[in-house]
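A.B. asks: Residue numbers (the working numbering): 204 to 386. Positions of the beta carbon are idealized from the N, C-alpha and C atoms, including for glycine. Have a look at this one before I ask anything.
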């Protein structure tokens, strides 16, 4: 231990060695940790202190993962999360109101479990085992989306957070009835 301490103290001195700058007769600039020998003049370079910033604090683990780590013997709490669309996402004009919904499920679905998608509080289709849905022709405006994890008897075992997203669609001006200009 004493040798390691002595070695680290010696190496710290090497890391703090002086830096020299010299210019030869052709105008080439050279930096070195030793002053040049011979007729070249060298000036010591003073380095400014390094910019440092404190490391950011680590983010806490999500509660479901913390519970899993703490209760290894117990069954893990089911977790479900909508991965697409993102909260407050705008579905652009070119998609014509079509949207793919993806969810992440932890732990994976067991034998009789299913997923049910809710759009604006209304179930979309039958419960399914796949974690992806294709929604088509959504009307313009804001929509709320949630996915439930259903047990064998249809009971809700877990729910995702409700996310809000927006569909942007063009107005169909050509098919509007023309209104006469006021006289």
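By how many angstroms is the C-alpha of residue 207 removed from the C-alpha of residue 349?
C.D. replies: Residue 349 and residue 207: Cα-Cα distance of roughly 59 Å.
A.B. asks: Would a C-beta distance cut-off of 7 Å place residue 327 and residue 351 closer than the cut-off?
C.D. replies: No. Outside cutoff.
A.B. asks: Apart from the five residues just before and just after residue 301, which ones in its own chain have a Cβ nearer than 6 Å to its Cβ?
C.D. replies: Contacts found: 339.
A.B. asks: Tell me which same chain residues have a C-beta within less than 8 Å of the C-beta of residue 353, skipping the five on either side of it?
C.D. replies: 316, 317, 318, 319, 330, 359, 360
A.B. asks: Distance, Cα to Cα, residue 220 vs residue 250?
C.D. replies: 11 Å
A.B. asks: Please return the same chain residues whose Cβ sits closer than 6 Å to the Cβ of residue 321, not counting the five positions on each side in sequence.
C.D. replies: 349
A.B. asks: Helix, strand or coil for residue 250, going by three-state DSSP, please let me know.
C.D. replies: Coil.
A.B. asks: My assumption, with CB atoms under 8 Å, is that residue 286 sits in contact with residue 306. Please give the rounded CB distance.
C.D. replies: 6 Å
A.B. asks: Of the choices 356, 235, 334, 246, whose alpha-carbon is the least far from that of residue 311?
C.D. replies: 334
A.B. asks: So, with DSSP's three-state summary, where would you put residue 341?
C.D. replies: Coil, per DSSP.
A.B. asks: Count the other C-beta atoms from every protein chain shown that fall within 10 angstroms of the C-beta of residue 234, then say buried if there are 16 or more, exposed otherwise.
C.D. replies: exposed
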